[in-house]
Amino acid sequence: MRTLLLLMICSILYAQSSTELYLFDFLSVNNKYVVANPVNISKNPGYDNQPSFIKNGRHILFSSTRNDQTDIVSYNIQTDKKKWLTKTDGGEYSPLQIGSSNSFSAIRLDPNGYQRLYQYSMYSENSKELVKDLKIGYHLWVGRSELVSFVLGEPVTLQHSILKTGENKILDVNIGRSIHNLPKSELVAYISKKQKPWTINTIDLETGSIKTMIHALQGSEDFAVTDSGVLIMGRGSILYSFDPREQMDWVKIADFSDYGLDEITRLAISPKVDKIVIVVNE
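Numbers 148 to 429, taken from the working numbering, label the letters of the sequence shown in order.
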């Protein structure tokens, strides 16, 4: 029963809905954010999701359907070209660059249900398993050899993994899939689902201290964080921001229905905070 339940959770996490990725200029004008110049960067029928920017800001990694399988793509913003990075028997999801290296990590879900986090090269088909003991659904690098992850189980848990020692420590339970570093701090932000409305919490990895930042937008699972610590979150067609230094609640900053887009499911902000990519249902 436990194995069946975990397999059901995996299928829900990576449900193959039809989605598209749109890249926008993300501009700050008179202390307000503005989005402009949309580009469909996926242009692909089926599932396209889980975008993340590479540190140079010129490429975006995301998962995309090819021949009825999900592989990882690198999109070059300057050339508007895509390059496939993985070709395994399993499906890959949630790619993240590892530091500033030429490697990235992604979740691999094999046909037999085996799910683990792997490291891949951006220039070859080499890969290796990173955390052998945990069925990770989503993850965040907090250094070249440390991770904070959403780990499948009953309940799902937030865990801190130190790869050099193999240590895995449970930090919290009943969390959401969105996990982010807060700039210029040792804090990690994540969604807690222990109560309704859900909250965006921070945790200090050294002390384990947990604090609530703000309530999450109802029905929304994902948020992003700018280099100045501003939270960005979408609901429906509306994009909101929250600056914890100056604001008490979410502030509307854009409406993607102006571009014929709705149902924002995921989003990512470029390192220079000059681009935003959103995932919307087709």
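Built from N, CA and C at the ideal position, the CB exists for glycine as well.
Please read these numbers as outputs of a predicted model, since none were measured by experiment.
What's the gap between the Cα of V426 and the Cα of G193? 12 Å
With contact counted as at least three CB pairs below 8 Å, one residue from each stretch, are the segment 358 to 371 and the segment 338 to 350 in contact? yes
Nonlocal neighbours in the same chain, by C-beta distance under 8 Å from S356, ignoring five residues either side: These residues qualify, in order along the chain: I350.
Look up S404 in the DSSP assignment and say whether it is helix, strand or coil. In this structure, S404 counts as helix in the three-state DSSP scheme.
Nearest residue (CA-CA) to S248, options D215, I317 and G290: G290
Is there a Cβ of chain B sitting closer than 8 Å to that of P302, yes or no? Among the chains in the structure shown there is no chain B, since it carries only a single protein chain.
Using a threshold of 8 Å, state whether the C-beta atoms of A415 and A371 are closer than that. With contacts defined by Cβ atoms closer than 8 Å, A415 and A371 form a contacting pair.
Return the CA-CA distance between K202 and Q244, expressed in angstroms with no decimal places. 8 Å
For G323, the three-state DSSP class (helix, strand or coil): strand
Quick check on this structure: which residue in N259, W288 and F251 has the alpha carbon closest to the alpha carbon of K275? F251
Using a threshold of 8 Å, state whether the C-beta atoms of D319 and L310 are closer than that. Not a contact, by the Cβ cut-off of 8 Å.
By a C-beta neighbour count over all protein chains shown, 10 Å radius and 16 as the cutoff for buried, is P242 buried or exposed? buried
Distance check for E239 and L256, CA to CA, integer angstroms please. 6 Å
Could you pull the start and end residues of the beta strand (DSSP E) that S175 belongs to? Its beta strand (DSSP E) spans residues T166 to V176.
Just list the residues that DSSP pairs W231 with in beta bridges. V220
T150, DSSP secondary structure in three states: In this prediction, T150 has a pLDDT of 42, which is less than 50 and means its spatial position is unreliable; what the coordinates show is noted afterwards. The answer is helix: DSSP assigns T150 an H, G or I state.
Suppose you measure from the CA of L287 to the CA of I326; what does that come to, to the nearest Å? 6 Å
Residue from V278, E301 and G323 with nearest C-alpha to E314: Distance from the Cα of E314 is smallest, within the candidate group V278, E301 and G323, for V278.
Using the Cα positions of L232 and R213, report the straight-line distance between them to the nearest angstrom. 12 Å
Inspect the CB distances between the segment 185 to 192 and the segment 370 to 388 and report whether three or more fall short of 8 Å. no
Here's the rule: buried if 16 or more other CB atoms are within 10 angstroms of the residue's CB, otherwise exposed. What is Y285? buried
At which residues does the beta strand (DSSP E) containing N348 begin and terminate? T346 to D351
With I418 and G376 assumed to form a contact (beta carbons below 8 Å), what rounded beta-carbon distance in angstroms separates them? Checking the sequence shown, residue 418 turns out to be Pro, not Ile. 14 Å between Cβ atoms; not a contact.
Please look up how many angstroms separate the CB atoms of L170 and V181, rounded, as I've assumed it's under 8 Å. 15 Å between Cβ atoms; not a contact.
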